[in-house]
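Numbering (the numbering used here), first residue to last: 5 to 190.
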């Protein structure tokens with residue numbers, strides 16, 4: 005018998021693996037949190053599936069999402085990225101990753117840890133929701149509004165409330181698997 009999954013998952017093995025093995029699992033690794041937040045920002049106006057299919061290309065193009073390297077990107081590197089057919093070639097989004105790398109490093113310096121800072125929005129532990137249907141899952145929450153406002157105030161770009169909500173779901177800060185999904189924490 006097939007496993008029951010959240011309704012947003014298609015039949016692509018890549019998407020199934022992402023849902024089953026990553027989405028909603030608590031993530032505390034600094035660089036992986038940075039990568040995920042940046043990829044969620046790249047999703048703006050697109051589907052997550054589109055970005056997921058390009059994730060490996062993004063990792064190659066952006067030096068494994070190493071913020072120490074990204075902050076050194078110059079106009080030549082931006083032009084190289086604008087010509088990279090493996091990623092979304094949007095100058096504003098590319099510029100946002102560079103800007104966000106600077107802010108990420110500043111948050112690490114100020115807070116001691118980006119993970120500690122970002123997880124503070126949910127009190128340091130995952131918030132478990134019990135949605136029965138996909139239509140009940142919100143696109144934004146009060147917490148995603150707060151996170152978005154705080155990150156924007158620090159200078160981050162492409163971190164609106166919808167992006168922050170998706171980031172919190174993907175990083176396991178909130179568990180929004182629907183109740184009958186085998187990944188749900190009942």
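Glycine included, C-beta positions come from ideal geometry on N, C-alpha and C.
It should be emphasised that the depicted structure is a prediction, and the values quoted were computed from it without experimental measurement.
When 61, 133, 151, 56 are compared, the shortest CA-CA separation from residue 44 is found for 56. Put simply, the backbone Cα of residue 47 is about 12 Å away from that of residue 168. Counting of Cβ neighbours within 10 angstroms places residue 80 among the exposed residues, the total staying below 16. When 127, 37, 128, 100 are compared, the shortest CA-CA separation from residue 156 is found for 100. In this chain, the alpha helix (DSSP H) harbouring residue 19 covers 17-25. The stretch 107-121 and the stretch 136-147 do not touch, with fewer than three beta-carbon pairs separated by less than 8 Å. A distance of 8 Å or more separates the beta carbons of residue 172 and residue 104.
Under the three-pair Cβ rule at 8 Å, the stretch 111-118 counts as touching the stretch 30-38. Going by DSSP, residue 62 is part of the alpha helix (DSSP H) stretching over 52-65. Residue 75 and residue 123 have their C-alpha atoms spaced approximately 24 Å apart.
In the structure shown, the three-state DSSP call for residue 179 is strand.
Runs of the beta strand (DSSP E) lying entirely within the stretch 133-186 and spanning at least 3 residues: none are present. In the structure shown, residue 76 falls within a coil segment according to DSSP collapsed to helix, strand and coil. Annotation: the continuous alpha helix (DSSP H) that includes residue 96 extends over 95-115. Proximity to residue 65 across 54, 52, 53, 92 peaks at 92, based on C-alpha coordinates. Residue nearest to residue 143 within the set 16, 69, 163, 170 is 170 (criterion: CA-CA distance).
The C-beta separation of residue 40 from residue 174 comes to about 6 Å, placing the pair in contact by the 8 Å criterion. Contact annotation: residue 58 and residue 11 have beta-carbon atoms that are not nearer than 8 Å.
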